[in-house]
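Dropping the structure here:
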């Protein structure tokens with residue numbers, strides 16, 4: 001019997017048309033999510049997701065969009081494959097998707113939280129003052145050492161923000177320090193560095209103002225115990241129920257330990273990972289971490305049917 005974990009996409013996974021193919025096959029299941037989102041947010045989220053537009057890549061809209069599409073896709077999947085997973089995990093905003101599915105808070109409360117979270121994160125740092133950079137196939141300790149040396153010599157921040165897999169670590173911080181780190185990493189042998197298209201240096205101390213503002217919103221939201229264990233980005237281990245709010249406040253301004261999270265799940269016996277939501281980034285990371293596990297993604301009718309065939313064949 002397979003032990004399954006569901007993974008939920010983070011920011012950067014969005015694309016125009018996400019969820020549209022599945023919606024055309026399962027409108028009756030997905031429509032209520034888009035209708036509710038439109039009532040809560042005050043704009044037509046379905047059109048934003050399904051048609052070309054500039055808003056989808058703006059942080060204050062992106063987060064609620066990915067969250068809604070992911071949970072709508074999950075509703076379709078649950079109808080066809082009702083088995084409850086052993087664990088849940090989500091990358092950054094995907095952690096909110098996981099917590100909503102685990103009944104820690106309602107779909108509506110999650111929408112309200114992510115609307116504020118996205119807005120606060122986009123406003124925390126002036127445009128151009130912060131950036132993020134993916135460093136490929138470079139030793140973790142080398143990256144940490146380079147960032148630490150630069151912070152010792154210059155005011156500001158630069159350090160790893162996302163430990164995604166053995167092949168990808170993201171650094172972020174003040175733009176000038178990130179540029180210095182990029183130069184030093186190239187000199188040290190890093191061959192491939194990819195600038196990320198994000199509106200700020202997420203998961204760094206520069207997001208502290210966003211964390212303070214989110215705290216004022218979170219204190220009024222009622223959280224329930226987890227129905228399914230959710231792995232925290234900040235620790236790479238399962239959340240303690242009484243600490244989830246504090247974990248989410250830390251998550252905005254702290255590194256995401258994604259690779260540690262997947263390692264934790266594998267140690268817990270998980271052998272099948274299903275990424276639910278737009279893209280297949282987390283599926284790729286999972287395969288980089290451990291090639292022996294089964295890693296699938298569900299974002300359209302073809303990937304849904306492929307996952308069903310594989311899992312129902314066991």
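Numbering (UniProt numbering), first residue to last: 1 to 314.
Ideal Cβ placement from N, Cα and C applies to all residues, glycine included.
Since the structure is predicted, the reported quantities are computational estimates derived from the model, not experimental observations.
Item	Value
Run through the DSSP bridge pairs and tell me what residue 192 is partnered with.	136
For the candidate residues 196, 135 and 155, whose alpha-carbon lies nearest to that of residue 184?	135
Taking the beta carbon of residue 305 as the centre, do at least 16 other beta carbons fall within 10 Å, making it buried, or is it exposed?	exposed
Considering just the uninterrupted stretch of the beta strand (DSSP E) at residue 298, what are its terminal residues?	294-298
Check the C-beta distance from residue 29 over to residue 75 and give it rounded, since I have them as a contact under 8 Å.	5 Å
So residue 309 and residue 293 are supposed to be a Cβ contact under 8 Å. How far apart are they, rounded?	Incorrect: roughly 18 Å between the Cβ atoms, too far for contact.
Taking the beta carbon of residue 162 as the centre, do at least 16 other beta carbons fall within 10 Å, making it buried, or is it exposed?	buried
Assuming the contact rule is C-beta atoms closer than 8 Å, residue 209 and residue 172 should be a hit. Round their C-beta distance to whole Å, please.	Not a contact, Cβ separation roughly 15 Å.
Which value, in whole angstroms, describes the spacing of the CA atoms of residue 217 and residue 159?	28 Å
With three or more beta-carbon pairs closer than 8 Å as the criterion, would you say the region 87-97 touches the region 1-15?	yes
Just to confirm the assignment: which complete beta strand (DSSP E) runs, minimum length 3, are found wholly within the region 174-239?	192-195
Residue ranges of each beta strand (DSSP E) run of no fewer than 3 residues wholly in the region 18-103, ordered along the chain?	87-90
Within this structure, are the beta carbons of residue 116 and residue 265 separated by less than 8 Å?	no
Check the DSSP bridge columns for residue 168 and list the partner residues they point to.	136 and 165
Can you give the Cα-Cα distance for residue 66 and residue 254, rounded to whole angstroms?	21 Å
Between the alpha carbons of residue 211 and residue 313, how many angstroms are there, rounded?	45 Å
Is residue 21 near the ligand NAD, judged by its Cβ being under 7 Å from some heavy atom?	The ligand NAD is not part of the structure shown, which contains no ligands of any sort.
Going by the DSSP bridge assignment, what does residue 273 pair with across the sheet?	5 and 295
How should residue 11 be labelled, buried or exposed, when 16 other C-beta atoms within 10 angstroms of its C-beta is the threshold for buried?	buried
Please look up how many angstroms separate the CB atoms of residue 199 and residue 36, rounded, as I've assumed it's under 8 Å.	That belief does not hold up - the Cβ atoms of residue 199 and residue 36 are roughly 26 Å apart, past 8 Å.
Measure the alpha-carbon distance for residue 77 versus residue 23 and round it to whole angstroms.	12 Å
Take residue 107 as the anchor and find which of 80, 72, 140 and 120 has the nearest alpha-carbon.	72
Ends of the alpha helix (DSSP H) at residue 109?	107-123
Using the rule of at least 16 other Cβ atoms within 10 Å of the residue's Cβ for burial, across every protein chain shown, is residue 32 buried or exposed?	exposed
Could you have a look at residue 159 and say whether DSSP puts it in helix, strand or coil?	strand
Among 247, 283 and 288, which residue has its Cα nearest to the Cα of residue 99?	247
For residue 157 versus residue 226, is the C-beta distance shorter than 8 Å?	no
Applying the 10 Å Cβ sphere with the 16-neighbour rule, what's the burial state of residue 278?	buried
Could you round the C-beta distance between residue 196 and residue 119 to whole angstroms and report it? I think they count as a contact, below 8 Å.	Not a contact, Cβ separation roughly 20 Å.
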